[in-house]
Amino acid sequence: MNVKKIIKLMVGVFALGAVLPGQTAAAMGGRVIDEKTNVIVVLVDDQGFGQLPVYSDDYPDEMLLLTKTTERYRCDEQKAKAAAKVCMPNLQKLADNGVTFMNAHVTSPVCGPSRAALLTGRYQQRFGAYDNCDLVKAGLPVSETLLPELFQRAGYRTAMIGKWHVGKRTKTPLPLQTNDYHKNSIAHCIPEHHPLNRGFDYYFGFNSSGTTYYNSPSLFRGFENVKAEGYATDQFTDEAVQFIEESGADPFFVYLAYSAPHIPLEDAAPEKHQRFDTGNPEVDNYYATLAAVDDGLGKICQTLEKRGELENTLIFYLSDNGAVIDSPQPMNGPFRGNKGMFRHGGMHVPMIAHWPAKLKPSRHTPRVASIDVLPTTLAAAGIGLPENLDGVDLVPTLGTNEDAHEAIFWAGPDIMHWSEDNKAFWRDYWEYVTERTDDAPSSPHVAGEASWAVQKGRWLLRCNEVTGAVELFDVCADPGERSEVSAAHSEIVDALRADYKVWAAGLAKPLAWSEEQYERLVK
C-alpha cells in the first residue's frame with residue numbers, strides 16, 4: 027500500500043468536520059433525560075489505540091512498521107495484531123452497539139494528571155497538576171469538585187474500585203521482596219484525599235501508580251488495608267459486580283479503574299484468560315491481562331442485564347494514556363510516540379460509550395477529550411453542570427460533524443522515559459526489579475522537559491521550551507507525525523502559539539513539579 031492510500035484511510039480521523047464514508051449515523055433521537063440513568067466509567071491503564079479489536083481495521087499494517095517495540099515484546103506483527111483483534115470481544119460488542127470515538131484525546135500522557143482531569147472535567151494544569159509527582163506529593167486539591175461528589179449529592183450510590191492515584195501518598199515499607207516499587211510498599215493517601223472523603227460511598231483499591239497482580243500489599247477496603255484475593259483484575263470486577271447487586275433500586279455511579287495492562291507483568295494472568303499464541307509468551311500474557319478486563323466487562327454487563335438495567339446504564343470505556351514503548355504491537359496503532367510524550371501515541375486513546383436507551387450505534391470522527399466524560403455523564407443523569415468546566419456534554423454533538431473542542435492543549439514535562447530512544451532503560455529496569463543487578467537504571471531521558479502542544483483542525487504544534495525545538499505536523503496528511511513542516515507554515519505556527527498563550531494565562535503553579543520549568547511554559 028502506498029503513502030497516498032495510507033493518508034486516504036486516516037485523513038477522516040483528523041480533519042475538522044470530516045466524516046469517513048459509512049462511519050457516521052445519527053446518535054440519538056429526541057432527548058429525554060431519565061434521572062435514574064446509571065453510570066459506569068471504566069478506565070484502563072496504558073492501553074494503546076491499537077491494542078484492542080475496535081480500531082484494528084482503521085489503519086494499514088504498514089503504519090505499524092513505523093514504531094519498534096522492545097526486545098521483550100518482539101514478535102511477528104501480524105500475530106500480535108491478530109491477538110489484539112480477538113482479545114476483547116465484550117468490548118467489541120459494546121462498541122458495535124454504542125458510540126466509538128475515533129478522535130479522542132486525554133489531556134495528559136501520564137496517569138495521575140490524566141485521571142485528575144477526568145475526575146474534574148477541567149484541564150488539570152488549572153489546579154497545578156502537570157506531572158505524576160504533583161499528585162503523589164500534593165494530591166488533587168480538595169478545592170476541586172469531583173465527579174462522584176456531584177453524583178452523590180444527587181442521590182446516587184457511588185463506588186471507586188481500582189487505581190486511585192490522585193491522593194497525596196503515604197507509604198509503609200514492607201520487607202524487601204524485589205526492587206520493584208509495586209511490590210515493596212503499602213501506598214495510600216492522606217485522609218482528606220481518601221476516596222471516601224471525595225464523594226465515594228464505597229472504595230476498594232490502591233493509590234500507587236501500579237501494583238502487583240497477585241498478593242498486592244496495597245489494597246484497601248475503605249480505610250482498612252486488606253489482603254488480596256486471587257488476581258487483581260478479577261477481584262476488581264467482583265467488587266464492582268457486588269456493589270451493583272447491592273444497590274437495590276438506587277441509581278449508582280461506578281468508577282472502575284483497572285490497573286491492567288500497567289506493569290508489573292512478570293506474573294502470568296490466570297489460565298482462564300490465556301488464549302493467545304503469538305510465539306512470544308510475554309505478548310501472550312500481555313493480551314491475557316486485557317482479556318481479563320474484557321471478561322470483567324462481560325460479567326458486569328451480564329449483571330446489568332439480569333437486573334434489567336443494561337439498557338439505561340451509560341458505560342464509558344477509555345484509557346488514561348497511550349501504551350508504553352515496553353509493550354507489544356499494535357501498540358498505539360498508526361500514531362507515533364508513547365505514554366509520556368506529547369505525540370498522538372501518548373495522547374490519542376481508545377474511547378467508547380454504550381447507552382442503548384439513548385445512543386444509536388455510530389463511529390464518531392470529530393475531536394473529543396477525556397474532560398468531556400464528566401459533563402456527559404452528569405447530563406445523562408439529569409444533574410446540573412458546574413460552571414467552570416473545560417469539558418462539554420458530548421451527546422448534542424453526536425451524529426454531527428461538530429468538534430467538541432476547537433482546540434485541545436497540553437502542557438507539562440514531555441518525558442522521553444518511554445520513547446524509542448530509551449529502550450536500554452527498560453532492559454536495565456527488568457534486570458533490576460528481578461534482582462539480577464544491584465544498580466538501579468538511570469537515563470537522561472527520565473527527566474521531562476517543559477513542553478506544550480496544541481491541536482487545532484489539521485495542525486498539531488509541539489514546542490519544547492528547554493531546547494527551543496518547534497515541530498508542526500499536518501496530522502490529516504501525516505497521521506504518523508513523520509514530516510515536520512513548521513518552516514513552510516510559519517503563519518500557522520504563530521497563530522497556534524498565540525492560541526496557546528491565551529490558554530496558558532489561566533494555568534496555576536505546579537503543586538510539586540519544577541516551578542522553573544513551569545515558568546518556561548507561561549512566559
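Numbering-wise (our numbering), the sequence shown opens with residue 27 and increments by one.
Note that the Cβ used here is the ideal one computed from N, Cα and C, for glycine as well.
Just so we're clear, the structure is a prediction, and the values are computed from it rather than from any experiment.
Of the candidates D72, P79, L522 and M89, the residue whose Cα lies closest to the Cα of P360 is M89.
For P115, the closest of K325, G532 and K332 by C-alpha to C-alpha distance is K325.
In the displayed model, F177 falls within a helix according to three-state DSSP. When beta bridges are read from the DSSP output, W485 appears opposite K482 and D500. The alpha-carbon separation between N223 and L172 amounts to approximately 11 Å. Annotated three-state conformation of K197 is strand, per DSSP.
Comparing alpha carbon positions, the residue from G147, Q261 and R393 closest to F232 is Q261. Apart from sequence neighbours up to five positions away, the residues of its chain that approach N311 with a beta-carbon distance below 7 Å are L291, A294 and A295, ordered along the chain.
T304 places its beta carbon 8 Å or farther from that of K111. In this structure F249 is exposed. Its beta-carbon is surrounded by fewer than 16 other beta-carbon atoms within 10 angstroms.
Using a Cβ distance threshold of 8 Å, I187 and F230 count as a contacting pair. In the three-state reduction of the DSSP assignment, E507 falls in the coil class, being assigned neither a helical nor a strand state.
About 6 Å separates the beta carbons of L344 and V375, which is inside the 8 Å limit, making them a contact pair. For I409, the number of other beta carbons within 10 angstroms of its own is at least 16, and it is reported as buried. Taking every protein chain shown into account, the CB of R247 has fewer than 16 other CB atoms within 10 angstroms, so this residue is exposed. By alpha-carbon distance to A531, the top candidate from D454, A437, V519 and E475 is A437. Going by DSSP, I434 is part of the beta strand (DSSP E) stretching over A433 to D440. Annotated as distal: L420 and V68, with beta-carbon spacing of 8 Å or more.
Residues Q178, R183, T184 and A185 of the same chain have their beta carbon placed closer than 8 Å to that of D227, with the five preceding and five following residues left out of the count.
Here P356 is near G76, since their CB atoms are less than 8 Å apart. Beta bridge pairing from DSSP links G231 with G188 and F246.
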